[in-house]
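Written below as structure tokens is the structure these notes are about.
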Amino acid sequence: MPAKAKSEALKARELQKEKDDLLDRAGAAYLTELSKPEKNCKSSRTIAKDFMQLHLEATGRHIKLSHQTVAARAAGRKSKVQAAQARKWLLPTEVEIVISHILKSAEQGFPLSHRRLKEDVD
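In structure tokens:
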């Protein structure tokens, strides 16, 4: 039996994760280049081009990397996903607890209102 086709949102998430991983590796490579003497040091633009070419040869997919983003990652900037995870209200374990509480209440025949759910979560 064939597998289900991936949704567009899932494809976009996977592509973004792949791009973030590539940017992290390029940022780390640029950081090591900065520790070399200035005359032997590669620029962030060269590092970005090298990593784009290596990824194209390895996977057959072209992912465009900005040299400014590579330099920013080397300076310590987080990816969008990492920054969003830091802003979440609940931890992943807390989310699982809340979901199990909602399901138990629904099984018992007590659907939760928003107010009741907020009281239980807080």
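Numbered by the numbering used here, the letters in the sequence shown go through residues 67 to 188 in order. All C-beta atoms, glycine included, are put in the ideal place defined by N, C-alpha and C.
Heavy atom of the ligand PLP within 6 Å of residue i beta-carbon
i, result
"S109", "In the structure on display, the ligand PLP does not appear, and there are no ligands present to speak of."
Presumed contact (8 Å Cβ cut-off) between residue i and residue j, rounded CB distance
i, j, result
"A137", "S110", "4 Å"
"L100", "A114", "14 Å between Cβ atoms; not a contact."
"L156", "H121", "Incorrect: roughly 35 Å between the Cβ atoms, too far for contact."
Span of the alpha helix (DSSP H) around residue i
i, result
"A71", "First-last for A71: undefined, no H or E at that position."
"K108", "Element bounds for K108: n/a, residue is neither H nor E."
"L178", "No alpha helix (DSSP H) contains L178, which DSSP labels as neither H nor E."
Neighbour-count burial assignment, residue i, 16 or more Cβ in a 10 Å radius
i, result
"A124", "exposed"
"R139", "buried"
"A92", "buried"
"L76", "exposed"
Residue from the options with nearest C-alpha to residue i
i, options, result
"R143", "K70, A94, F117 and P158", "A94"
"E84", "L169, M118, S73 and H167", "M118"
"K146", "L76, Q82, P68 and R91", "Q82"
"Q148", "D90, S179 and E104", "D90"
"D116", "E74, K105, E104 and H133", "H133"
Minimum Cβ-Cβ distance from residue i to chain C less than 7 Å
i, result
"A152", "No chain C appears in the structure shown, which is made up of a single protein chain."
Any alpha helix (DSSP H) of 4 or more consecutive residues that is wholly inside the region 113-173: 133-140, 146-152 and 158-173
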